[in-house]
Amino acid sequence: MLKEIKCDKFIESPIIFGKGLNVVLGDNFSTNSIGKSMFLMITDFVFGGNSYSTIDSGAQKNIGHQTFYFKFEFKHDSKYYSRNTENPEIITVCDKDYNALSEIDKAEYTSQLKMDYEIDCSLSFRQIVNPFSRIWGKENYNVNEPLRNSIKESPSAPVVNIIKLFKLYQTLEELNNEIKTKVESKRILNGAQKKEYIAKTTKTEFKKNALEIERINQEIADIKNNLLKYTVNIEELTSKELIELKTQKSRLLKSQSLILNKIKRLDLNLSSKSVKSKYFTKLSTFFENPNEEKINEIESFHNKISKILERELLAAKAVLVTENEGFQAELKKLDLKIAALLENVNSPKFIVDKIYELTIEASKLNTANKFYEEKQGVAKSIKDLNENLDDTIADILKEIEEKINGELIRINNEIHPGKKKIPVFKLNRKSYSFDHSGNTGTGKSFADLIEFDLSILKLTELPFVIHDSVLFKNIEDMSIDKIIEQYQIFDKQIFMALDGINKFDDATQSILKDKAVLSLTEERKLFNKDWR
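Residue numbers for the sequence shown, in this note's numbering: -13 to 518.
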């Protein structure tokens, strides 16, 4: 826990803290600008916060940069540090007399604090404590957003943070990692398919491939079982192959014939001659005063149309020529296969080649089908994992809701026995809400916010809370009496600022005075120099 803060510019130094409640008292006139909020901001600064060095409080301008020396006490050890506003990213490690020993950066310092407080969750120290250090100027005391860490954070970030704070994120992290692995596998498979390393296979093609694999395997088995017969009479095997190849060639020739006929018709259209203007001059022989200008205009239009049609016909012909080249290449392959068969009609080598070809084809189809099955398997795994993730998240959110709301009921009944509606905390996957149950009064809403913080302080490893006097301004006095009683339950440190305590009952005043670590008034402000 934090044990002391020293500064040579304080009106009082050192300021000593104890476990549980630590109070910064203002006067009975609720005088402003005496340093209550500023001291809480310095306390936050000691815990690694940045607000004191970034928010313009006027202190640095009027009294210059300040160095704060502070001590922590843990189970078996005491730690001494210093931090200054001129270079706030560096923390100095000190001996017990605050002589400098070494320097560490702020990230290392807050990591060390997390270890010293024995906090075991995946959030950083500042992610844990910042939302619950509610000080004027930090803008984190919105009664409807009790988990706000910063104004710029996404709506889903507080949900993730509260899951981590309750140490229930590991299961989600494991599922998320599994999903990421499967998604990466899917990306790799899609990439292989996109680069055509493996043929794209549809469900229909998968079934077709399976039938073809079965046929090929049957043919290989048939050759093996009748090997002697085929060795003696290879012509029987080759004739079957020749018939199949010739059938394929016949189909290709028919398709090629259709393409060639289309090319021929296009060539005829392209070779057609347009009518020349000299032929129109002969019209004057048969007609008196023909409109030659109109005839020329019509001829120009026809020529333009002809050029457009010619471009389209040439483009269509180019496509057909490409298709014909494809047919020619396939026909050439078939002719080579047929020739090879005829050459090997009396050679047993044909049987070996045939089995090799069938095996290669079966392997190719098997690879395509295995790839398809793997893709389907990965897609199903991603779907199942996401469904599992949804169910797990729902269970975790429900568990956290029940714990927080259960504690809110207990605290609310202690602070407002039988009188006030109980706030309800609701968690969704990407957002949350803090419902004040229709009670829109400012004071009750701030009391709800304090109750929420105390619930988190009890249920999690949150090491402390800071509550500035702004939270108490509109809360009725009797409720503050009860809040102070609730503060007294905790051994964890609670830093608060409050003034005008003469309004509260004697027991509350006694507690506040006993737990006061600093008392400030108009005549006795925080710093030994007054610039206001």
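Glycine is no exception: its CB is placed at the ideal position from the N, C-alpha and C atoms.
Check	Outcome
Sequence-distant residues of its chain with Cβ nearer than 7 Å to Lys5 (five each side left out)	Met(-13), Asp477 and Gln479
Coarse secondary structure for Ile(-3), derived from DSSP in three states	coil
Residues near Ser423 in its chain [Cβ-Cβ closer than 8 Å; skip 5 each side]	Lys407, Ile408, Pro409 and Val410
Given Lys65 as reference, the closest of Pro74, Ala86 and Leu175 once Cα atoms are compared	Ala86
Asn73 versus Ala483 - alpha carbon distance	27 Å
Rounded C-alpha distance that separates Glu170 from Ile379	22 Å
Through-space distance from Lys168 to Phe60, alpha-carbon basis	44 Å
Within 8 Å, strictly: CB atoms of Phe432 and Val146	no
Spatial neighbours of Lys(-8) in its chain, beta-carbon cut-off 6 Å, leaving aside the 5 residues before and after	Ser(-1), Pro0 and Tyr55
Contact under 8 Å by Cβ, Gly34 with Thr78	no
Inside the segment 16 to 85 only - alpha helix (DSSP H) runs reaching at least 4 residues	22 to 32, 37 to 40 and 45 to 49
Exposed unless 16 or more other CB atoms sit within 10 angstroms - verdict on Gln52	buried
Check whether Asp485 and Lys22 have beta carbons under 8 Å apart	yes
Met27 and Ser37 closer than 8 Å at C-beta	yes
Three CB pairs or more closer than 8 Å across the segment 101 to 113 and the segment 437 to 452	yes
At least 3 beta-carbon pairs within less than 8 Å: the segment 462 to 473 vs the segment 150 to 162	no
Start and end residues, beta strand (DSSP E) containing Glu(-10)	Leu(-12) to Lys(-8)
Option in Lys194, Ile461 and Leu306 with minimal Cα separation from Asp434	Ile461
C-beta neighbour in chain C for Val129, strict 8 Å	Among the chains of the structure shown, chain C does not appear; only one protein chain is present.
For Leu506, the three-state DSSP class (helix, strand or coil)	coil
Three-state secondary structure (DSSP) of Lys412	strand
Cβ-Cβ distance between Ser455 and Gly12 below 8 Å	yes
DSSP bridge partner residues for Leu11 (one or two, in chain order)	Leu484 and Ser505
Nearest-angstrom beta carbon gap, Val9 and Val503 [assumed within contact, 8 Å]	7 Å
Local conformation of Arg120 per DSSP, three classes	strand
Cβ-based neighbour list, Ile397, same chain, cut-off 7 Å, excluding 5 preceding and 5 following	Glu437, Leu440, Ser441 and Gln472
DSSP beta-bridge partners of Ser88	Val79
Ile452 beta carbon less than 8 Å from that of Ile40	According to the sequence as given, residue 40 is Thr; it is not Ile. Not a contact, by the Cβ cut-off of 8 Å.
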